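When we follow the working numbering, the leftmost residue of the sequence shown carries the number 5, and every step to the right adds one. Here a beta-carbon is modelled for each residue, glycine too, at the ideal position from N, C-alpha and C. Because the structure is a prediction, the values reported are computed rather than measured.
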Amino acid sequence: MKKNQTLKTSEVQKTIWQLHLRISDRFPNSSLVQAAKQLHGIAKETDKIISWISSPNYLLRIGIYSLIIIVALVLGLSVSQMNFAVRNITFIDFIQVSESALNEMVFIVAGMIFLVTLENRRKRKRVISSINNLRSIAHYVDALQLTKDPDACIQISKPTRNSPHRDLNAYDLGRYLDYCSELLSLISKLGFLYVQSFEDPIANEASNDLESLTTGLSGKIWQKIMILRSKES
């Protein structure tokens, strides 16, 4: 039987660092270098976050289950000491007691559900926070490529006085855009690592949203790359 293939954090870290070096070699003074460096810094912290998410918090679990047991014992003791006089209870009294008991049970069950799901919600919050950091970097990478216009390289654009300065030739611009696309892909991979072993619908939805975002941004970049390639051929 084949083992399930899993994405390894160490491999993603190596790929990000290698991309950082490649960008540094070709565009040493660009903001894209800093974006790659920041992404590598986040990748180095990923192991700790994933380990924290994957490890059961036994101390928290013991505290929660102990509190639930205590509440159940107190509730059972209270019920056992109640002195019911069925013959003296009217129908209206029965309705009022039933409604009050039902409200109390709903409150107790809701409290137990809140306690039991506390650990999972803490982990979910950590995942979503980490994914939001990756989403910020993705938008930053997109902002860096916005002014990289392929029309300027193929000399069909007419810059104005307020147009951004463009000094990249067609080849360098193609490499720059390709690096942006690679960064976006690696951002998506890091987002997946957080939920690879964490079965939580909301956390998985956040990871999928990040993947959709990076795929969409990368698609815009590849439109520019295809324009460059079509003019070179």
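Residue environment, residue i, which counts as buried when at least 16 other CB atoms sit within 10 Å
i, result
"E49", "exposed"
"M5", "Model confidence at M5 stands at a pLDDT of 37, short of 50, so the residue's coordinates are unreliable and nothing is read from them."
"V16", "buried"
"G195", "buried"
"E203", "exposed"
"I66", "exposed"
"D146", "buried"
"K52", "exposed"
"K7", "Note that K7 scores a pLDDT of 48, beneath 50, so its modelled location is shaky and nothing firm can be said."
"E129", "A small correction: the amino acid at residue 129 is Lys; Glu does not occupy that position in the sequence shown. Flag for K129 reads exposed."
"S70", "exposed"
"Y62", "exposed"
"L1", "The requested residue 1 is not part of the displayed model; the chain covers only 5 to 237."
"L64", "exposed"
First through last residue of the alpha helix (DSSP H) which encompasses residue i
i, result
"D153", "Counting along the chain, D153 falls outside any alpha helix (DSSP H), and DSSP gives it neither H nor E."
"D51", "35-58"
"Q22", "13-30"
"E186", "174-199"
Whole-angstrom C-beta distance between residue j and residue i, which should lie under 8 Å
i, j, result
"L138", "I225", "In fact, because the Cβ distance is near 17 Å, the residues do not count as touching under 8 Å."
"I73", "T13", "Their Cβ separation, rounded to whole angstroms, is 38 Å, which puts I73 and T13 out of contact at 8 Å."
"A39", "Y144", "6 Å"
"A207", "V131", "4 Å"
"L23", "E186", "6 Å"
"L43", "I141", "6 Å"
"L221", "A174", "Contact flag wrong, Cβ pair sits at about 22 Å."
CB of residue i within 8 Å of CB of residue j, strictly
i, j, result
"T151", "S189", "no"
"S35", "L148", "yes"
"I135", "A47", "no"
"Q200", "T10", "yes"
"I229", "L172", "no"
"P154", "L177", "yes"
"L122", "I57", "no"
"R126", "R30", "no"
Residue i beta carbon near the ligand ZN (any heavy atom closer than 7 Å)
i, result
"M109", "Of the ligands one can find in the structure shown there are none, so the ligand ZN has no counterpart to examine."
Chain B contact for residue i (CB, 8 Å cutoff)
i, result
"I46", "Absent here is chain B; the protein component of the structure consists of one chain."
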